[in-house]
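For reference, the structure discussed in these notes is given below.
In this note's numbering, the protein residues as written are 3 to 929.
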């Protein structure tokens with residue numbers, strides 16, 4: 003690089019969007035070699051990629067503080083202004099954003115490049131028109147070219163955040179403001195990209211790429227976007243017009259306002275700027291006019307610092323750095339971080355002791371150039387600088403690799419929030435800067451690779467964290483989709499029913515029912531439903547066709563306890579059974595989710611479901627359908643029809659007591675019609691065995707619930723025959739009968755009844771001594787005196803019913819006795835003997851009961867009944883079955899003489915309670 007004034011120098015000045023950077027790239031690539039210095043690493047990387055596309059990677063180098071890509075044969079170099087190697091001899095030199103020479107922190111670097119950096123063949127200075135006078139003064143040989151803006155920049159006034167146009171950038175000047183604005187934009191517009199100077203270049207690139215790709219319509223940034231970033235921004239909105247410049251909180255200058263507002267509109271596309279609300283009173287008319295007309299006050303001076311201090315001693319170094327400029331348009335640069343650290347270390351005894359060592363002082367100043375990426379302040383940053391200086395001035399002059407490795411391992415954590423990740427990235431950037439210096443640490447190439455890999459991982463994690471917090475991709479997608487007339491976005495339904503529009507899940511489709519993603523905000527539900535309505539029409543039509551034309555394997559009955567009976571397709575409810583003309587003809591009400599289909603499709607589905615129900619009833623409950631059909635057949639006898647109608651209304655089974663009169667009224671030729679239908683006319687119930695099977699029970703429960711408009715009751719387990727507890731309605735539908743403390747299935751109860759009757763038929767009964775209770779009515783009233791004269795060794799009365807069957811069913815003795823009693827059997831003798839007799843099923847006595855005679859007085863005279871007439875006078879004082887009438891005094895008449903022409907009565911069993919009574923009567927006769 004040469005400083006000769008004989009080479010042409012051109013200053014291309016103008017506002018933003020004038021193509022200055024594009025022109026510099028064209029001039030760079032037109033020469034055999036060259037380099038351009040930029041204010042930002044991100045901008046240097048962007049132009050590096052452009053030049054690589056033109057010249058190839060082997061000829062282009064990138065040099066920044068944290069990243070260096072220098073091929074051996076590189077002829078073109080892009081980098082940050084601080085990293086620009088001014089000693090390199092190249093044909094072209096470009097200095098971008100030269101007006102930053104007025105920046106208090108870095109201005110002296112830009113001023114030095116403006117004064118000393120020259121290309122062998124051409125030098126180009128790029129910047130704002132506000133630096134025009136300074137360029138003329140400092141570089142009098144420079145040719146000044148002013149370029150107009152390609153597009154118009156106009157003031158759009160103030161606006162609410164929710165009313166900002168799409169493709170807007172909102173500018174704030176603190177991380178807190180940026181986060182708050184991005185959070186609000188996420189709530190009502192789907193989110194925003196975030197660009198801040200504290201982010202790593204990789205993270206900023208990812209955020210900008212997200213905005214450029216249209217994934218979000220808004221960008222929230224600090225003034226970092228004003229430094230040459232090429233963005234597709236149509237409007238710039240200022241959320242604030244003041245910032246803290248490191249020393250004080252001040253209002254932006256007009257040049258700073260214009261630099262940021264100029265990001266709106268690219269190439270021939272016009273842009274606009276304005277404010278969000280009225281921050282600090284908003285723009286003044288003078289500021290608006292200056293920004294729109296690109297009329298900025300000229301910069302009065304630039305900052306300068308001695309670029310070539312001496313290292314003879316520490317005092318000389320400090321003195322040279324404090325040297326004032328010799329030109330009036332230059333002024334001393336404020337104390338930057340590197341000088342602040344140097345002054346702080348100058349007070350250290352070890353540093354002061356070696357203040358006369360040239361190498362030690364030179365290396366100290368070299369290390370002071372390490373940027374304070376973590377923004378910890380001069381005092382804290384000086385500790386790291388001091389430690390590095392100690393290593394650089396002792397031993398082999400290299401930094402301890404173990405310390406570097408420990409720092410790297412400590413930062414290798416991609417978990418945490420946005421601030422934690424950003425802090426780690428800043429610390430890693432310090433390590434990247436160190437690793438780039440091959441004269442600072444051994445094995446610099448390997449450490450550089452590890453440090454840059456860690457920075458990339460942390461940057462990716464930070465980008466993901468920013469996107470997760472500030473971007474709602476689904477909402478942004480739906481907002482864009484809502485404005486499209488045609489369903490242009492692809493929609494996919496996963497195997498689990500997840501509905502994704504352009505890869506973003508919006509909910510699930512179960513059968514024909516769409517459910518919004520449960521994690522979605524309540525305010526987004528309406529929009530998600532509208533998106534589903536728009537994109538799922540074709541899928542719903544396809545499913546409707548598959549349902550109407552498919553087989554029965556996909557359809558099923560859902561009879562869950564406590565819910566209405568429903569029909570399901572692939573396990574998803576699509577219809578509900580409701581009350582119909584008859585029990586076996588339920589009404590089918592399709593689910594409201596199917597009503598979004600075409601009426602023809604709904605009708606086809608309804609007919610398909612009706613056929614399914616009819617086929618299932620014919621398969622699992624055919625007897626019930628046959629009963630219903632016979633009950634409605636006019637050729638069926640009326641008495642049979644009445645009985646069948648009662649059976650059908652009770653889902654195919656009924657207690658015998660409820661229809662005993664109708665059953666008794668049947669003619670002999672009408673009973674076979676019931677048996678032809680497969681009905682079992684049992685002792686207690688009339689039923690069809692097929693209807694007790696599990697699937698038949700499920701369908702009968704569903705039909706009954708539909709007809710009654712009630713939920714399906716809880717049914718007993720499949721295969722159960724005895725239940726201790728359960729739903730009364732469910733057990734009744736399943737064919738269970740109440741018995742003592744439990745419920746027994748009616749077919750098992752009938753099995754017990756048949757066993758008891760078989761035992762009765764098999765019991766021996768001599769003609770002269772019939773089994774007690776074997777007939778419907780036995781004449782047992784032959785006098786207690788004759789019983790005493792019977793044979794004492796006579797066999798026990800009644801017969802035995804084997805309890806094995808009842809035991810196998812799980813019945814206890816109390817339940818068994820109760821069941822046998824309901825069948826018409828009565829226990830006789832001692833209970834331990836398990837003897838039974840048949841007494842028949844008793845009908846309830848409908849006659850009024852006779853009141854007993856009054857106590858303490860004679861009973862009034864009454865007319866004799868049929869029973870009284872049959873009794874002899876001697877027996878009139880006895881109650882039923884020969885028991886003495888305790889309400890009347892015994893007569894004093896003499897005993898009746900025995901009649902030899904009558905056969906002797908059989909004596910009672912010795913175990914019978916009547917045996918003692920018979921003995922007493924016999925003794926009284928002897929007396």
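Here a beta-carbon is modelled for each residue, glycine too, at the ideal position from N, C-alpha and C. All values reported here derive from a predicted model rather than from experimental measurement.
Please identify the residue among the options whose C-alpha is closest to the C-alpha of residue i.
i, options, result
"residue 223", "200, 204, 635 and 216", "200"
"residue 269", "252, 232 and 242", "232"
"residue 157", "65, 113, 285 and 86", "285"
"residue 95", "47, 258, 84 and 78", "78"
"residue 139", "329, 151, 208 and 28", "329"
"residue 182", "471, 747 and 764", "471"
"residue 628", "618, 641 and 646", "646"
"residue 763", "803, 196 and 292", "803"
"residue 11", "311, 30, 63 and 143", "143"
"residue 800", "833, 70, 807 and 159", "833"
"residue 293", "301, 302, 306 and 276", "276"
"residue 297", "133, 494 and 820", "133"
"residue 407", "434, 422 and 305", "434"
"residue 709", "677, 534, 585 and 403", "585"
"residue 660", "670, 669, 649 and 653", "649"
Need the endpoints of the beta strand (DSSP E) that residue i sits in, please.
i, result
"residue 238", "237 to 240"
"residue 625", "That residue, residue 625, is in no beta strand (DSSP E); its alpha helix (DSSP H) goes 624 to 633."
"residue 452", "Not the beta strand (DSSP E): residue 452 falls in the alpha helix (DSSP H), residues 446 to 472."
"residue 37", "36 to 40"
"residue 581", "574 to 584"
"residue 95", "94 to 97"
Between which two residues does the alpha helix (DSSP H) carrying residue i extend?
i, result
"residue 696", "696 to 710"
"residue 293", "287 to 295"
"residue 218", "Counting along the chain, residue 218 falls outside any alpha helix (DSSP H), and DSSP gives it neither H nor E."
"residue 326", "Premise fails: residue 326 is in no alpha helix (DSSP H) and is neither H nor E."
Indicate the three-state DSSP secondary structure (helix, strand or coil) for residue i in the structure shown.
i, result
"residue 687", "strand"
"residue 206", "helix"
"residue 351", "helix"
"residue 547", "helix"
"residue 828", "strand"
"residue 126", "strand"
"residue 833", "helix"
"residue 339", "helix"
"residue 27", "helix"
"residue 595", "helix"
"residue 83", "coil"
"residue 12", "strand"
"residue 442", "coil"
"residue 112", "helix"
"residue 201", "coil"
"residue 314", "coil"
"residue 132", "helix"
Quick one: using the 10 Å Cβ neighbour count with 16 as the cut-off for buried, is residue i buried or exposed?
i, result
"residue 20", "buried"
"residue 718", "buried"
"residue 385", "exposed"
"residue 375", "buried"
"residue 382", "exposed"
"residue 26", "buried"
"residue 56", "exposed"
"residue 726", "exposed"
"residue 310", "exposed"
"residue 321", "exposed"
- Item | Meets three-Cβ-pair contact criterion under 8 Å: the stretch 33 to 48 and the stretch 176 to 193 | no
- Taking one C-beta from the stretch 201 to 216 and one from the stretch 445 to 462 each time, how about it: are there three or more such pairs within less than 8 Å? yes
- Task: Inspect the CB distances between the stretch 23 to 40 and the stretch 107 to 126 and report whether three or more fall short of 8 Å.
- Result: Look at the beta carbons and you see the stretch 23 to 40 touching the stretch 107 to 126: at least three pairs across the two are nearer than 8 Å.
- Query: Three or more C-beta pairs closer than 8 Å, one from the stretch 680 to 695 and one from the stretch 749 to 757: is that the case here?
  - Reply: yes
- Touching by the beta-carbon criterion (3+ pairs, under 8 Å), the stretch 351 to 358 and the stretch 312 to 319: yes
- Task: Decide yes or no for the touch test of the stretch 631 to 650 against the stretch 600 to 610: beta carbon pairs closer than 8 Å, at least 3 of them.
- Result: Counting Cβ pairs under 8 Å, fewer than three are found: no touch.
- Message: Taking contact to mean 3 or more Cβ pairs, one atom from each stretch, closer than 8 Å, check whether the stretch 148 to 166 and the stretch 61 to 74 are in contact.
- Response: no
- Query: Within the chosen definition, does the stretch 677 to 687 reach the stretch 531 to 551 through at least 3 CB pairs nearer than 8 Å?
  - Reply: no
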